[in-house]
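See below for the structure under consideration.
Protein chains in written order, with our numbering: chain B, 164 to 287; chain V, 616 to 903.
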């Protein structure tokens, strides 16, 4: 079998890449059953924007499985007046991953109480 | 070119320029055949939904397919097993590298992701890129080259197993472009059994006509005697290969989870139409 140094290099690098991939996948497979998705929400500093207010939301899946169609809801209870509800959906939130979004309110969230929760998600 | 190629046959190592051209053709083939999948959301999602065991199995299956393709249609077909194996390994490696690069360029992977997510995405995409690399290396070259290789009778006629391997490769190459999409599920759920039956008939007629009546490159002109039987048998084999490839790819993309058996069959039938086009027309064209 005659190959030049370039072909041997490519073959060698390929071997290393394929073995590394297999080793990674095998160690991942052997790490035991995965825990269900567990989504943690973090609210960031509200900003006034046009005629309303935007609050950045970070959703992080701390569990071991992917969550599909995550429904995020944030409720604003102002010091006076009615409650306001805002939210968004996340298509896919893979395990150990973060997605960011915003919720929008008419009233200033800085004068009131914000509560964020995950309503639910599907198994993909 | 023919002369350079002749040197290669004389078991001398190729020049760097020749090797680079060969890899270049492979890379172009990889992009050409798998770009639709690199641009498909469902495939990225499969990267983080599929379990690692499933990815390992898919890597193994793809490697077997590459071995088969390189053995029967590759640039150095009919060479020793070790050469075919190294070629297949290189194609898998190029597939991984190319898939990683394109996904990164498209902003689908980054270092903030957990490694399970980007490795999964790269592996899922790399499988088809690798098959594309293999086909590109063998098919996109100067036609004169491949003719030079075709010495001896059995190289011209791949035989039963060779044809089966090529049919499976063709079915995967065409079928996998459609398999991950939601549209396959839509079509399976929304169509009546009667319409699906019609789809099976259309698939069978197309397969038979492509294999024997359109005079495709490498298509066989059959002797009148026993012709009908050969047509039926070969059409059956190609369509069966398409059904199996459809079932396996659908299972890989998790389409059978919690699905009733009639919908499972409907899914397979819907996907088998593009797959059988690959198994018949693809089989003839992939031979090079």
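Virtual Cβ for every residue (Gly too), placed ideally from N, Cα, C.
The model shown is predicted, which means the values in this text are computed figures rather than measured ones.
Chain-ordered chain B contacts of residue i [CB-CB under 7 Å]
i, result
"residue 705 of chain V", "173, 174 and 177"
"residue 628 of chain V", "165, 166 and 167"
"residue 631 of chain V", "167 and 169"
"residue 634 of chain V", "167, 169 and 170"
"residue 701 of chain V", "174"
"residue 684 of chain V", "What residue 684 of chain V touches in chain B: nothing, since even the nearest Cβ is about 16 Å away."
Chain B residues whose Cβ lies nearer than 9 Å to that of residue i
i, result
"residue 667 of chain V", "187, 188, 189, 190, 191, 192, 193 and 194"
"residue 654 of chain V", "Going along chain B, no residue has its Cβ under 9 Å from residue 654 of chain V, so there is no contact; the nearest lies around 17 Å."
"residue 990 of chain V", "Residue 990 of chain V is absent from the model: chain V starts at 616 and stops at 903."
Length of the line joining the Cα atoms of residue i and residue j
i, j, result
"residue 753 of chain V", "residue 816 of chain V", "33 Å"
"residue 891 of chain V", "residue 826 of chain V", "11 Å"
"residue 775 of chain V", "residue 705 of chain V", "27 Å"
"residue 282 of chain B", "residue 251 of chain B", "11 Å"
"residue 821 of chain V", "residue 888 of chain V", "9 Å"
"residue 799 of chain V", "residue 879 of chain V", "11 Å"
"residue 791 of chain V", "residue 670 of chain V", "15 Å"
"residue 842 of chain V", "residue 863 of chain V", "32 Å"
"residue 273 of chain B", "residue 203 of chain B", "21 Å"
"residue 852 of chain V", "residue 233 of chain B", "45 Å"
"residue 188 of chain B", "residue 785 of chain V", "28 Å"
"residue 676 of chain V", "residue 856 of chain V", "15 Å"
"residue 206 of chain B", "residue 268 of chain B", "14 Å"
"residue 239 of chain B", "residue 186 of chain B", "48 Å"
"residue 217 of chain B", "residue 651 of chain V", "37 Å"
"residue 266 of chain B", "residue 200 of chain B", "22 Å"
"residue 703 of chain V", "residue 166 of chain B", "15 Å"
"residue 712 of chain V", "residue 744 of chain V", "10 Å"
"residue 811 of chain V", "residue 191 of chain B", "40 Å"
"residue 794 of chain V", "residue 801 of chain V", "12 Å"
"residue 197 of chain B", "residue 285 of chain B", "16 Å"
Beta-carbon neighbours of residue i, restricted to chain V and to distances below 9 Å
i, result
"residue 258 of chain B", "663, 729, 731 and 732"
"residue 181 of chain B", "674, 678, 704, 707, 708 and 711"
CB contact check: residue i to chain A, cutoff 8 Å
i, result
"residue 225 of chain B", "Looking at the structure shown, chain A is missing, and the protein chains on hand are B and V."
Chain V contact residues for residue i, given Cβ-Cβ distances below 8 Å
i, result
"residue 287 of chain B", "660, 664 and 869"
DSSP state of residue i mapped onto helix, strand, coil
i, result
"residue 831 of chain V", "coil"
"residue 630 of chain V", "coil"
"residue 556 of chain V", "Examination of residue 556 of chain V is not possible in this model, given that chain V is present from 616 through 903 alone."
"residue 793 of chain V", "coil"
"residue 269 of chain B", "coil"
"residue 224 of chain B", "strand"
"residue 813 of chain V", "helix"
"residue 264 of chain B", "strand"
"residue 243 of chain B", "coil"
"residue 736 of chain V", "helix"
"residue 211 of chain B", "strand"
"residue 900 of chain V", "helix"
"residue 871 of chain V", "coil"
"residue 724 of chain V", "coil"
"residue 766 of chain V", "Residue placement at residue 766 of chain V is poorly supported in this model, since its pLDDT is 39, which falls under 50; the coordinates still yield a value, given next. Looking at residue 766 of chain V - three-state DSSP - the assignment turns out to be coil, as it is neither helix nor strand."
"residue 229 of chain B", "coil"
"residue 889 of chain V", "helix"
"residue 696 of chain V", "helix"
"residue 718 of chain V", "helix"
"residue 775 of chain V", "helix"
"residue 187 of chain B", "helix"
"residue 279 of chain B", "strand"
"residue 641 of chain V", "helix"
"residue 250 of chain B", "strand"
"residue 743 of chain V", "helix"
"residue 690 of chain V", "coil"
"residue 193 of chain B", "coil"
"residue 837 of chain V", "coil"
"residue 635 of chain V", "helix"
"residue 826 of chain V", "helix"
Chain V residues whose Cβ lies nearer than 7 Å to that of residue i
i, result
"residue 248 of chain B", "Chain V residues near residue 248 of chain B: none, gap ~29 Å exceeds 7 Å."
"residue 229 of chain B", "663 and 664"
Within chain B, partners of residue i - CB distance below 8 Å
i, result
"residue 671 of chain V", "185, 188, 189 and 192"
"residue 642 of chain V", "None at all; the shortest Cβ gap to chain B is about 11 Å."
"residue 748 of chain V", "Per Cβ cutoff of 8 Å: no residues; residue 748 of chain V is ~11 Å from chain B at best."
"residue 738 of chain V", "184 and 188"
Residue i: CB within 7 Å of a non-hydrogen atom of the ligand HEM
i, result
"residue 784 of chain V", "The ligand HEM is not part of the structure shown, which contains no ligands of any sort."
Are three or more beta carbon pairs between the segment 209 to 227 of chain B and the segment 259 to 271 of chain B nearer than 8 Å? yes
Is it true that the segment 829 to 838 of chain V meets the segment 864 to 879 of chain V, where meeting means three or more beta-carbon pairs spaced less than 8 Å apart? no
Which full runs of the beta strand (DSSP E) of 3+ residues lie inside the segment 841 to 869 of chain V, going along the chain? none
Suppose only complete runs of 4+ residues qualify. What are the alpha helix (DSSP H) ranges in the segment 649 to 686 of chain V, listed by chain order? 656 to 664
Do the segment 633 to 647 of chain V and the segment 733 to 751 of chain V meet, that is, are 3 or more Cβ pairs less than 8 Å apart? yes
Stretch pair the segment 683 to 693 of chain V + the segment 713 to 727 of chain V: three plus CB contacts closer than 8 Å: Segments in contact, no.
Would you say the segment 725 to 743 of chain V touches the segment 660 to 668 of chain V, given that touching needs at least three Cβ pairs under 8 Å? yes
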